[in-house]
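**Student:**
Numbering (UniProt numbering), first residue to last: 1 to 267.
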């Protein structure tokens, strides 16, 4: 547990900043403060992270953008985890043709580049509202969770105490609640952090392409979009949201690796 305290604290810090954005942001994130006088101002005492082409304060937009980016990624994780757990447990318990069919579907989905799949969906439907975008991200990212849950469920079903419980006629609901689900929690934790680390940059990529969160609402991806054509002149529009995306993604990956390593050591 000690190994994940620091990265978990960092991720919790991101979540806290997102929740407290209305209190922390020095300016209205969509307010055009002075289109002629304050547009594309570099970091200064008045605007710590500079301003964008519309004279909006970048720090305020970064704080509010955390709400959109982290919120969409979190909802995507919930969808991916729900679908992955369902597919993984059904495959593990069903076995035979059911297992083979579900795993072939999973493999086929994994073979398709996820960003390409997302672009096809968005191209067919147009830019998506945040909740729908999160659902689509989750619906295209359940495969890793399904494979992890299937593997762990099969391992748990083969353990002596579960076999003994089945032999004693323990009701199925009690068996799952008391023996299987508690054993799946570390695996679900790994799957959740892996899904989060994948969803966050994908949301940013779609928003950067103008297919995710629509301006004037802020997300980390569409803040970077404002630097299009002026990268060297407005470097702060790229640097700060990119650092936020990289830091949150790497932190989630570190948590996944450490939880996975600890679970393998305990198994």
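Beta carbons: idealized from backbone N, C-alpha and C, even for Gly.
Check for me: the alpha helix (DSSP H) holding residue 161 runs from which residue to which?
**Tutor:** Segment 160–167, the alpha helix (DSSP H) holding residue 161.
**Student:** Give a yes or no on whether the C-beta atoms belonging to residue 197 and residue 140 are separated by under 8 Å.
**Tutor:** Taking 8 Å as the Cβ cut-off, residue 197 and residue 140 do not qualify as a contacting pair.
**Student:** To the nearest angstrom, how far is it from the Cα of residue 26 to the Cα of residue 234?
**Tutor:** Answer to the nearest angstrom: the Cα atoms are 20 Å apart.
**Student:** Who are the Cβ neighbours of residue 102 in its own chain at under 6 Å, not counting the five residues just before and after it?
**Tutor:** Excluding residues within five positions, the ones whose Cβ falls inside 6 Å are 87, 91.
**Student:** Tell me, to the nearest whole angstrom, how far the beta carbon of residue 21 is from that of residue 199; I am working on the premise that it is less than 8 Å.
**Tutor:** So it is not a contact: roughly 20 Å between Cβ atoms.
**Student:** For the putative contact between residue 145 and residue 195, defined by C-beta atoms under 8 Å, what is the C-beta separation to the nearest angstrom?
**Tutor:** Residue 145 to residue 195, Cβ: 6 Å. Contact.
**Student:** Distance, Cα to Cα, residue 55 vs residue 42?
**Tutor:** Straight-line Cα distance between these residues: approximately 11 Å.
**Student:** Could you give the DSSP three-state label for residue 51: helix, strand or coil?
**Tutor:** Residue state, collapsed to three classes: strand.
**Student:** I'd like the list of long-range same chain contacts for residue 261, defined as Cβ closer than 7 Å, with 5 residues on each side in sequence excluded.
**Tutor:** Result list for residue 261: empty, nothing under 7 Å.
**Student:** Which residues does DSSP pair with residue 57 in a beta bridge?
**Tutor:** BP columns for residue 57 point to 51.
**Student:** May I have the straight-line CA-CA distance separating residue 35 from residue 247, to the nearest angstrom?
**Tutor:** Each residue's Cα considered, the two are about 31 Å apart.
**Student:** Considering Cα atoms alone, identify which of 182, 216, 78 is closest to residue 137.
**Tutor:** Taking only the C-alpha atoms, the option nearest residue 137 is 78.
**Student:** Have a look at 31, 71, 157 and flag the residue whose alpha-carbon is nearest the alpha-carbon of residue 129.
**Tutor:** Minimum Cα distance to residue 129 is reached at 71.
**Student:** Using three-state DSSP, classify residue 93 as helix, strand or coil.
**Tutor:** Residue state, collapsed to three classes: helix.
**Student:** Please name the residue, chosen from 38, 83, 191, that lies closest to residue 135 on a Cα-to-Cα basis.
**Tutor:** Per the Cα distances, 83.
**Student:** Residue ranges of each alpha helix (DSSP H) run of no fewer than 4 residues wholly in the stretch 108–143, ordered along the chain?
**Tutor:** Segments of the alpha helix (DSSP H) lying fully in the stretch 108–143: 114–125, 130–139.
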